[in-house]
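Chemist:
There are 2 protein chains.
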Amino acid sequence: MKENRTAPPLERPDLTLPCVILDRPQMAENIGSVARVMANFGLRDLRIVDPRDGWPQERAWAMSSGAHWPLDNATIYETVAEAIADLNAVYATTARPRETQLPVRTPRQCADDSYANAQQGLKTGLLFGAERAGLETSDIALCHSIVTIPVDPAFHSLNLSQAVNIVLYEWRLKVMDTPKEAFTKNMDQPAALEKLHGLYGHLEDELEKAGFFFPPEKKESMQRNLRVALNRAQLTEQEVRTWRGVVTALVKGRGRSLLNQTPQ
Amino acid sequence: MKENRTAPPLERPDLTLPCVILDRPQMAENIGSVARVMANFGLRDLRIVDPRDGWPQERAWAMSSGAHWPLDNATIYETVAEAIADLNAVYATTARPRETQLPVRTPRQCADDSYANAQQGLKTGLLFGAERAGLETSDIALCHSIVTIPVDPAFHSLNLSQAVNIVLYEWRLKVMDTPKEAFTKNMDQPAALEKLHGLYGHLEDELEKAGFFFPPEKKESMQRNLRVALNRAQLTEQEVRTWRGVVTALVKGRGRSLLNQTPQ
């Protein structure tokens, strides 16, 4: 397939295509296989967080079987938080749902959701962990849902590119099965994660000052639990502003008069 | 996954499991990847027709990530006709349906059919062609149906083990017969509304004292907007307690020392 080196024209320019995010991938071969799978199923935006062996890597291109465009245009990040900052929703694929209170979706349900987002111009991220280590719990807590591929529990070690393959296959089925007529919801769009994380940081700073995180060794899990609950709310940008106002009001408002109240 | 070397017990001894047949595979690595995928999705009978580099091949075991049993028990044949002689139905997967008069099925339809066979004690074969050459027309003519994976026509070169992965994923979905719940079973129930309204009242009282609801005529709609966002989060009872603690901490905690902090 040496002839396939540049991206083919978009089949559905009306859709905001999901991106694939690989967190700390170890093998360049797997990154190349992921690029090939992305080309098979019509995706092109590849984001790589802290690749073990650096970037670019020749072996990725060699394994892509000519699907060079996701690799040529791949963007590199230091953290998952940075890689997902501009996205509206992120699905973390993991074989073992952790002890989080995030909803667990099948690959098919993930495709349904991603497609609904894509029709509304919202960008979805499909996040996959490192080959052996998987995803950090703290990174999963940044996501909206967990996607679990229904492997045999007796042998759940799925190759990274095979996991991507299945999630993207369901995406393509959804694209093919759905007529183009979009019905747009009246609901406002969820805020970009960067705004949401601003709210989290604000809240957590104030709670820290208030001595809420006690005992200190529980701070991380307490923070995660707060974030997970707020993630589920899918706050809009306006709501994020409102909730920042709530935090400010609770912290500073006591004793103030209405006249001194600064507008939110 | 070094510990996984022998087949786990059958999950569904009532089903006659399909077998996977690889026709003239070239790369031992791909055979190993196929074994891993078979283990992921609960299949174990692997048949190999005329492997290019002979058999056995160490690289297949190395790539199987511990899924040794399909390789250890693989059977080798000279022709497709011999490999399928004992089967009741065979599905040939190919990206490009040829000029045959065979019905073309999706992977999902193939799983439906294979499952119906499996319940009746009939053995289905899932046949995949060589990496580049694909299947011979004369071998396809021995089959009952063609399975086509819905790849982007602009880049239809699917890796052999990825093709197997998708067909077997659909098989497993069928076995699991997945109307999956959106939330995990072990996820806690959303809190009773009375608890939730206690949180709302607590928050709103404090915001009232802080002068947050300004101008006063907007209080009702501001309250409603806060409640709507929190409703979407579907907080559990534990989370309601946590968030009441958050409100208390923000209001009262400022300036307190950790020692004085009341437990939440």
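As they're listed, the protein sequences go chains A and B. Sequential numbering from 201 applies to the first sequence in our numbering. Sequential numbering from 201 applies to the second sequence in our numbering. Ideal Cβ positions, reconstructed from N, Cα and C, are used throughout, including at glycine. Note that the structure is predicted; figures quoted are calculated from it, not measured.
Going along chain A, which residues have a C-beta under 8 Å from B/Gln-309?
Modeler: Going along chain A, no residue has its Cβ under 8 Å from B/Gln-309, so there is no contact; the nearest lies around 12 Å.
Chemist: Less than 8 Å between CB atoms is the rule here; does A/Arg-432 satisfy it with respect to chain B?
Modeler: yes
Chemist: Quick one: measure Cβ to Cβ for B/Gly-467 and B/Leu-287, integer angstroms, because I've assumed they're closer than 8 Å.
Modeler: Missing from the structure shown is residue 467 of chain B; chain B here goes from 201 to 464 and no further.
Chemist: I'd like to know if A/Asn-425 contacts chain B, where contact means its C-beta is closer than 8 Å to some C-beta of that chain.
Modeler: yes
Chemist: Suppose the cutoff is 8 Å on Cβ atoms and the five residues either side in sequence are ignored; what does the same chain contact list for B/Arg-427 look like?
Modeler: For B/Arg-427, same chain residues with a beta-carbon under 8 Å away, outside a window of 5 residues either side, are Tyr-400 in chain order.
Chemist: Taking 8 Å as the threshold (beta carbon to beta carbon), is A/Val-234 in contact with chain B?
Modeler: no
Chemist: Taking 8 Å as the cut-off, decide whether the C-beta atoms of A/Ile-248 and A/Ile-276 are in contact.
Modeler: Remark: C-beta atoms of A/Ile-248 and A/Ile-276 approach each other more closely than 8 Å.
Chemist: May I ask you to report which of helix, strand or coil DSSP gives B/Pro-209?
Modeler: coil
Chemist: Taking the C-alpha atoms as reference points, what is the distance between B/Thr-272 and A/Met-263?
Modeler: Strictly speaking, residue 272 of chain B in this sequence is Asp, with Thr absent from that position. When rounded, the distance between both Cα atoms is 27 Å.
Chemist: So that I know if they touch, is there some Cβ in chain A lying closer than 8 Å to that of B/Ser-357?
Modeler: yes
Chemist: Mind the definition here: the stretch 394-408 of chain A touches the stretch 428-442 of chain A only if three or more C-beta pairs lie below 8 Å; say whether that holds.
Modeler: Yes: the two stretches touch, three or more of their Cβ pairs being nearer than 8 Å.
Chemist: Along chain A, which residues have their Cβ under 8 Å away from the Cβ of B/Leu-407?
Modeler: By Cβ distance, chain A contributes Val-446, Ala-449, Leu-450 and Gly-453.
Chemist: For A/Cys-343, which of helix, strand or coil comes out of DSSP?
Modeler: coil
Chemist: How would you call B/Ser-265, buried or exposed, if buried means at least 16 neighbouring beta carbons within 10 angstroms?
Modeler: The residue in question, B/Ser-265, is buried, as its Cβ has 16 or more Cβ neighbours within 10 Å.
Chemist: For A/Thr-206 and A/Lys-452, what's the separation of their Cα atoms in angstroms?
Modeler: So the two alpha carbons sit approximately 55 Å from each other.
Chemist: Quick check on this structure: which residue in B/Ala-433, B/Ala-449, B/Gln-423 and B/Gly-329 has the alpha carbon closest to the alpha carbon of B/Ala-391?
Modeler: B/Ala-433
Chemist: For B/Arg-308, name the three-state secondary structure that DSSP assigns.
Modeler: helix
Chemist: Is it right to say B/Leu-210 is buried, meaning 16 or more other beta carbons lie within 10 angstroms of its own, or is it exposed?
Modeler: exposed
Chemist: Could you please give the first and the last residue of the uninterrupted alpha helix (DSSP H) stretch that includes A/Arg-424?
Modeler: 419-433
Chemist: Per DSSP, what kind of secondary structure is B/Leu-222 in: helix, strand or coil?
Modeler: strand
Chemist: Mind checking which residues open and close the alpha helix (DSSP H) that includes B/Thr-442?
Modeler: 437-452
Chemist: Could you give the uninterrupted runs of the beta strand (DSSP E) lying entirely in the stretch 321-377 of chain B, keeping only those of 3 residues or more?
Modeler: 324-328 and 345-347
Chemist: Tell me whether the stretch 368-380 of chain A and the stretch 347-366 of chain B touch, counting them as touching only if at least three CB pairs, one residue from each stretch, are closer than 8 Å.
Modeler: yes
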